Amino acid sequence: MTEIQLTIEGRKVKAKEGDTVLEAAQKAGIKIPTLCAHPALEPYGACRLCIVEIEGMRGYPTSCTTPAAEGMVVKTVSPEIIELRKNVIKLMLSGHTSPCFVCLHRESCEKYRPRSFKAGKVTRCVFCSNRDTCELRMLADEYEINDLEVPIIYKNLEVEQIDPFMDRDYNLCILCGRCARICEKIHEKGTIDFINRGKDARIGTAFNRPHTDTDCRFCGACVDICPTGAMSDRFAKWYGAPDWVQESTCVVCPLGCSLNFKIKDGKAIGASMSAFSREARICAIGRFVLPQLLNNPARRLSHQVRIEDGLIEASYKEAVERAAGILEAYRGDQFALIAHSGATREEIYILKKFTKEVMKSDNFALATANGDKLLIQPASVLDAINRGKIKALYSLGDFIDPISIEKLEAIIVADLFPSRLEKTADVFLAAAALAETDGTFLNSQGKVKTLKAAATPPENLFPDWKIVCDIAKKMGVSGFGFRTTGGILKEMKKRKAIDQEPPLSPEPSPLEHVDSLPQFYRGHRLSDLVCALEAFMPPEEIEKKKEREEAEETPFRIIEKIEIVPNTHMVTIQAPVIAQKCQPGQFVIAMVGRTSERIPYTISDFDRKSGTITLVTLELGRSSRELANTRAGEYLAHLTGPLGKPVDVKKYGTVVCAGGCYGVGAMLPIARAMKQAGNRVICIEEAASHYLLHWKDRLSANCDELVIVTKDGSEGLKGGVQEAIEMLIQRGEKIDQAYVIGCTFMMMLVSELAKKHGIPTQTAMNPLMLDGTGMCGACRVSVGEATKFACVDGPFLDGLKINWIELMQRQAAFKTEEIEAMPQEPVPMHEPGHACLTAKG
Amino acid sequence: MTQELQTVLQSYDRSRDSLIPILQDVQGKLGYISEDAVKGISEYLRVSQSSIYGVATFYTQFRFTRPGDHIVRVCQGTACHVRGGQRIMNEVVKYIGIKPGETTPDYKFSLERVACFGSCALSPIVVVDDIVYGRMTPQKTKQLLKEME
């Protein structure tokens, strides 16, 4: 290929003929910003960020689509180019939920809130799972965008959580088309593309079908290539950016595909294809299911040994000793070992060697899955078990049925999950596997693939080869002193014991269609372990999951359920006794289902006559999602209240009631009561942007003045509650008492200001809470020298004296557990009328 | 794939360039672009269903639901608007009980709004099944629809 020379930024740069100006610049180490461009994709020219000036060419050509030519003189930076790029970014941010960029409190927000909130809908960066890795955000920061000059438009498209594994929020989409282009590149016929036109243009499927009703293979390439948070991996999203990535091999089916494990704090939280190409594509099991197997709530994390008729937890040493002791008595052909086809070559070798040399038996069998059937080969082993010839079994999974189990005297199981076999086992050894182990794997194309131990196994859990070696050593047999799989491989080579026969390829290929995805791992039906797979393969027990539909009738009927603004839900519940007794400032503890957490919610309104109370909540995690997904006509499992102390309603003079987020609703009854008590009441409503403001009419009707303040200045004052209070002070308002309800961060900032001006301020506490009656002490808050319980001394406590930092630390105590508890089930699309009421645009 | 669709497809090259003419032809024969038609075109042209749907939704000329037996278009262009086009639309909406862009459940009528028909001299106009009715009033329009039932 001919070499050409051009000048970029005054430097002589060499390039190949056919290179674009962008490629030529990148090769020379000259950075040009891009968004729609991606090394795996053909030039596209959609985002206009890579514009440059080229001598002799009109205007500002996009460097990603302009071929480099001999003698070209290119400028990548000039005041005009910078200005144009800034405008491009601003226009993108205008159609993205971006008030955080222009917020006055961004710096302290990120300091005190290092992780984003697990919101159901992203209404700003602090609610976005992609905050740490967002390419748009990085560019906006690089170009120092802190004023948009254009309004932020929330498109109000329903968030798509209907499919397994992925959430799609096209309100965040900037239409770079990377997802559609990679989908077409990998699958030839893509599942998604641009649909509609003009302002309604978006990414979508034909006829807006859910992906399960299309030919989508759930390879996740779209999720991995998206520069924003529009597409996300439901399981991995809230863990944050991975610490590192390790290439390894999937062993669930004989294809043995390469994949990259994403590791965070030692855990494999995700996996993706090793390159964005058709050759490197992987199936939904590799992309989404493997991490959910390793981090599965059902996973056994401890070893167990049998005591009389039950299993009790044992140390690894005890379990190995017990296994060795039992096996001593079953040497010879009365012993069998069943391994699984997902074991590494080293593991298979060691397991065979153990069977042959330690147990002196020929009964080694391998369980393989064929579609929805399990095969044990050779079949003679299963026959021998059924004929009672085999008395002791070492099994690496759930392979044999109860009738066969009955015939056995001794059972040792090394596995990850509970099973019928495990229940009857004499010893259960919890094993490390998949991303936690290393070794080699012969795939169906005859290639030897490498597994790398990337994730840290749970404490005291070891891979199968190590478990078997330790048992062999305990039984006093030499030749099992391996420390690494490398040592095993060396012996295999020396003994010429390497199996060259590749396993059969699964037909049809799981890469082509979700109907042919592997259904088993170690004999366990994957759909029993990973609920999202139910969309493709029926789980064994179908009665699961019906719980919500058959929810019991309780007295707590939901009268109305509305999403007032994106991610903010109002629930009105029949609760006559609570409605009769509650006072402004009190809260209730609600349980949505019988197995739900008990969660405190401030009472946002009550109607003594109709016997109802109203709660306003933000969807920010598992329990608030349960409440957000209820519908009128359903029942809450339980409701306790009113709890906590009411606010002290009396005549103060001028009272400020300030609320943000869910606190907007919660301040209504307080404002109303203060007004009735003869106070001059000023309400302050804070929101990130205009599209989150709500209940303005209800508040206006119950106060003397309503001050609106938005973080992006799109309506009312620009800033937060503290800026609104500053404004009131500056115009000469004397504030005698303030009530503040909202997130801890906002209440802290407001309290700091109130302290400066000596305004008595009561803030509504929202710490972790269990019983709500002062027994457990979980909700303790340090107020000056005293320790107060938010449930019985609060929820309103003296904001000027609260130890806010300690409160935030306590609130963050279960951050990881809260992420682990996030539900993985798809959420049905909301019915019309249930969806958000915000006007479009 | 229906015989009708197959006949349409076979008269075109298996090339992406044929997509819009095929869509127009399918709509001309079937009245709309059905999900089955998109599937058939996708298989014939080896273009993904989402791309076909993307192209079809880009142009307002394509529709995706079965149209009614009579297509009623009420002009809302400037001239028709000035001379009461909105009142005619309101009357039609009230009379057949659907909004523009919808079809009655019995597939009798589909209602569409058009921006201008180029027959401003006759404004306000209503077009039913490609026949232009000029100088319409709400009353005359209602009468016209009544006669179609």
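Chains W and V, in that order, are what the protein sequence lines are. Start counting the first sequence at 180; every next residue gets the next number (the numbering used here). Start counting the second sequence at 12; every next residue gets the next number (the numbering used here). Heads up, the beta-carbon is just placed ideally off N, CA and C, and yes, glycines get one too. This structure is a prediction, so every number in the text was calculated from the model and none was measured.
### Message
Please return the same chain residues whose Cβ sits closer than 6 Å to the Cβ of A711 of chain W, not counting the five positions on each side in sequence.
### Response
P343, F344, Q1003
### Query
Nearest chain V C-beta to E363 of chain W closer than 8 Å, yes or no?
yes
### Message
Is the separation between the beta-carbon of V693 of chain W and that of R396 of chain W shorter than 8 Å?
### Response
yes
### Query
Does the beta-carbon of R146 of chain V have 16 or more other beta-carbons within 10 angstroms, so that it is buried, or is it exposed?
exposed
### Message
Please list, in chain order, the residues of the stretch 49 to 69 of chain V that have any C-beta partner in chain W closer than 8 Å.
### Response
V49, S53, R57, V58, S59, Q60, S61, S62, I63, Y64, G65, T68, F69
### Query
Can you list the alpha helix (DSSP H) stretches of 4 or more residues lying completely in the stretch 744 to 803 of chain W, in chain order?
755 to 760
### Query
If you draw a straight line from the alpha carbon of Q184 of chain W to that of H217 of chain W, how long is it in whole angstroms?
24 Å
### Query
Could you give the C-beta distance for L640 of chain W and L480 of chain W, rounded to a whole number, given that I count them as a contact under 8 Å?
7 Å
### Query
In the DSSP assignment, what are the bridge partners of N858 of chain W?
None, per the DSSP bridge assignment.
#### Entry: Where V66 of chain V falls: helix, strand or coil (DSSP)
helix
### Query
Using a C-beta to C-beta distance shorter than 7 Å, which residues of chain W count as neighbours of E181 of chain V?
The structure shown does not extend to residue 181 of chain V, since chain V is modelled only from 12 through 160, so no value can be given for it.
### F715 of chain W burial status per 10 Å Cβ neighbour count (16 or more: buried)
buried
### Task
Could you name the residues of the same chain whose beta carbon sits closer than 6 Å to that of D512 of chain W, not counting the 5 residues immediately before and after it, in chain order?
S540
#### Entry: Cβ neighbours of P682 of chain W in the same chain (closer than 8 Å, five flanking residues each side left out)
P433, S520, T547, L621, N622, S623
### Query
The alpha helix (DSSP H) spanning R84 of chain V covers which residue range?
Segment 81 to 86 is the beta strand (DSSP E) holding R84 of chain V; no alpha helix (DSSP H) there.
### Task
Using a Cβ cut-off of 7 Å, pull out every chain V residue sitting near N375 of chain W, in sequence order please.
T68
### Query
Looking at C-beta atoms only, is the number of pairs between the stretch 77 to 90 of chain V and the stretch 116 to 132 of chain V that lie closer than 8 Å three or more?
yes
#### Entry: Assigned exposure category for F993 of chain W - 16 Cβ within 10 Å defines buried
exposed
### Task
Starting from I371 of chain W, find everything on chain V with Cβ-Cβ shorter than 7 Å and list it in chain order.
S61
### Task
Please look up how many angstroms separate the CB atoms of G449 of chain W and P406 of chain W, rounded, as I've assumed it's under 8 Å.
Their Cβ separation, rounded to whole angstroms, is 17 Å, which puts G449 of chain W and P406 of chain W out of contact at 8 Å.
### Message
Rounded to the nearest angstrom, what separates A194 of chain W and V267 of chain W at their Cα positions?
### Response
28 Å
### Query
Closest Cβ-Cβ distance between K368 of chain W and chain V: below 8 Å?
yes
### Query
Hey, I1068 of chain W and S242 of chain W are a contact pair by Cβ (cut 8 Å); roughly how many whole angstroms apart?
Within the shown structure, residues of chain W are numbered from 180 to 1020, placing residue 1068 of chain W beyond reach of any answer.
### Message
Let me check understanding here. Comparing Cα to Cα, which of W:V537, W:T523, W:L516, W:E526 lies closest to A558 of chain W?
### Response
W:L516
#### Entry: Contact between the stretch 809 to 828 of chain W and the stretch 877 to 888 of chain W (3+ Cβ pairs under 8 Å)
no
### Message
Below 8 Å on the Cβ atoms is my contact criterion, and I expect I849 of chain W with A903 of chain W to pass it. Report the Cβ-Cβ distance as a whole number of Å.
### Response
At roughly 17 Å, the Cβ-Cβ gap does not stay under 8 Å, so I849 of chain W and A903 of chain W are not in contact.
### Message
In this structure, how does DSSP classify E339 of chain W when only helix, strand and coil are distinguished?
### Response
strand
### Task
Leaving out five residues on either side along the sequence, give the residues of the same chain with a beta carbon under 8 Å from the beta carbon of P1011 of chain W.
Any reading at P1011 of chain W must be qualified, since the residue scores a pLDDT of 47, below 50, and its modelled position is unreliable; the value itself is stated next. Result list for P1011 of chain W: empty, nothing under 8 Å.
### Task
Reducing DSSP to helix, strand and coil, say where G911 of chain W ends up.
coil
#### Entry: Pair within 8 Å by beta-carbon distance, Q759 of chain W and R787 of chain W
yes
### Three-state secondary structure assigned by DSSP to S437 of chain W
strand
### Query
Is there contact here, the stretch 278 to 290 of chain W with the stretch 239 to 255 of chain W, by at least three beta-carbon pairs under 8 Å?
no
### Query
Per DSSP, W423 of chain W is paired with what?
W:I442
### Task
Give me the Cβ distance between I579 of chain W and L561 of chain W, rounded to the nearest whole Å; I'm assuming they're in contact under 8 Å.
7 Å
### Query
In the structure shown, what three-state DSSP assignment does E15 of chain V receive?
helix
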